[in-house]
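In the working numbering, the protein residues as written are 1173 to 1358. Every residue, glycine too, gets a C-beta built ideally from N, C-alpha and C. Please read all numbers here as calculations on a predicted model, not as lab measurements. Beneath this line is the structure, given in structure tokens, with notes to follow.
Right, here's the structure in full:
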């Protein structure tokens, strides 16, 4: 975990334990801001459903994940001071015959003093095979996530998050498609 990640209320990076140590894997490029709203996780998850082409994956580590030791990316929770697994795991198919498997979205609750204040999202395109793939093309995936929320009346702001990591990661990732999403005005 980076020092900067521990100082931000929203997680900035995802981590995976693939080698016995947690490594940075992807940028957390979606922030759903619930400040001063009564929205809960169910309301946040509603725009990402089968009507928009997304499917919720219900996965048990080692049972439904592609490999026995695979597990979803985790983020640093500044409220509990620990790594947490996603509460939402969605896929949207793209080209089943090409190297692009589909679009993928993870969601994590963001809490401050125990209260839900937002949801962090990591949107990417799965590139490779089902059993051996990486997240890439973050901007295109974030664009599709934003479109689903915009269609439901949510407000979208494109921005650039400061990830606080080496240029090497940023160069490797390319455009991250950072977005802040807010509920519809009541």
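Item	Value
Who are the near neighbours of residue 1310 in its chain, counting only those whose CB is closer than 8 Å to its CB and skipping five residues on each side?	1198, 1199, 1201, 1295, 1296, 1297, 1345, 1346, 1347, 1348 and 1349
So, is residue 1216 buried or exposed, given that buried needs 16 or more other C-beta atoms within 10 angstroms?	buried
Tell me whether residue 1217 sits in a helix, a strand or coil according to DSSP, three-state version.	helix
Exposed or buried, which one is residue 1293 when buried takes at least 16 other CB atoms within 10 Å?	buried
What's the gap between the Cα of residue 1196 and the Cα of residue 1280?	16 Å
Could you tell me the distance, in whole angstroms, from the CA atom of residue 1259 to the CA atom of residue 1194?	20 Å
How would you write the range of the alpha helix (DSSP H) that residue 1330 sits in, first residue to last?	Run containing residue 1330: none in the alpha helix (DSSP H); it sits in the beta strand (DSSP E), 1327 to 1330.
Could you check if residue 1330 is buried or exposed, using at least 16 other CB atoms within 10 Å of its CB as the buried criterion?	exposed
Using C-beta distances below 8 Å, list every residue in its chain close to residue 1229, excluding the 5 sequence neighbours before and after it, in chain order.	1236, 1261, 1262 and 1263
Report the option in 1319, 1354, 1227 and 1248 whose CA atom is closest to the CA atom of residue 1282.	1248
For residue 1314, tell me which candidate among 1190, 1180, 1244 and 1274 has the shortest Cα-Cα distance.	1274
Helix, strand or coil, according to DSSP, for residue 1246 in the structure here?	strand
Where do the N-terminal and C-terminal ends of the beta strand (DSSP E) with residue 1229 fall, by residue?	Careful: residue 1229 lies outside any beta strand (DSSP E) and carries neither H nor E.
Which residues in the same chain as residue 1321 place their Cβ atom closer than 6 Å to its Cβ, once the five residues preceding and following it in sequence are excluded?	1219 and 1353
Are residue 1289 and residue 1207 closer than 8 Å when you measure CB to CB?	yes
Does the distance from the CB of residue 1291 to the CB of residue 1204 come in under 8 Å?	yes
Any idea which residues DSSP pairs residue 1283 with across the strands?	1288
Determine the DSSP secondary structure at residue 1324, reduced to helix, strand or coil.	coil
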